[in-house]
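To start, the structure itself, in structure tokens.
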Amino acid sequence: MKHIISVLVENEFGVLSRIASLFSGRGFNIESLTVAETEDKTISSMTIVTHGDDHIIEQITKQLNKLINVIKVVELTESVQMAREMVLLKFAVNGGAKRLELLRLVEVYQGRVLELGVRSLIVELTGERAKIVAALEVLAPFAIKEISRTGMVALARDSIKS
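Counting the sequence shown from 1 gives a position; this note's numbering is that position plus 2.
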């Protein structure tokens, strides 16, 4: 089962390495890892996507909490998370009907054209993982020259109490 773990860490040299080592040393795989500074430049936010049963995830969170530079660890369940991925795609285009069809499909997936050149087109798609996967399947026949895909980024939603 897929799990998303949000980790706040001190923004210091070697923290990422120690966290990656924790996973690899225990035989856990990281499906995706995204790290960036928060509004406080001394703190970074990590979003880690991994697979495992509840027992394995509990072990991971306990081990993460033992690391000195870790401030907070939270598993984001599907009911309390807002998660997105982004992909940049560069297509080879030579004009004509194929180019128009590609532009229409990008619009269907609510993508943005970042650059429209004579021989290439660069597109940004953002959304839930299922949307990104579906878009990549549909766009695959259109001569993708390059692809760059982020890992998952996620935040916990506010609790709604009535």
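In this text, a Cβ means the ideal position worked out from N, Cα and C, and glycines have one as well. Remember, it's a predicted structure, so these values are computed and weren't measured experimentally.
Asked, Found
"Continuous alpha helix (DSSP H) stretch holding Glu103: start and end", "Gly98 to Val110"
"Residues sharing a beta bridge with Glu87, DSSP", "Gly129"
"Through-space distance from Arg151 to Ile6, alpha-carbon basis", "17 Å"
"DSSP three-state assignment for Arg151, whether helix, strand or coil", "strand"
"Residues bridged to His5 [DSSP beta-bridge criterion]", "Thr52"
"Whole-Å CB distance - Val89 paired with Ile134, under 8 Å assumed", "6 Å"
"Alpha-carbon to alpha-carbon, Asn96 and Arg86", "31 Å"
"Backbone secondary structure at Lys92 - three-state DSSP", "strand"
"Separation of Leu102 from Leu84, as counted between CA atoms", "It is Met, not Leu, that sits at residue 84 in the sequence shown. Rounded to whole angstroms, Met84 to Leu102 spans 33 Å at the Cα level."
"Lys74 in three-state terms, based on DSSP", "strand"
"Contact under 9 Å by Cβ, Val115 with Leu123", "yes"
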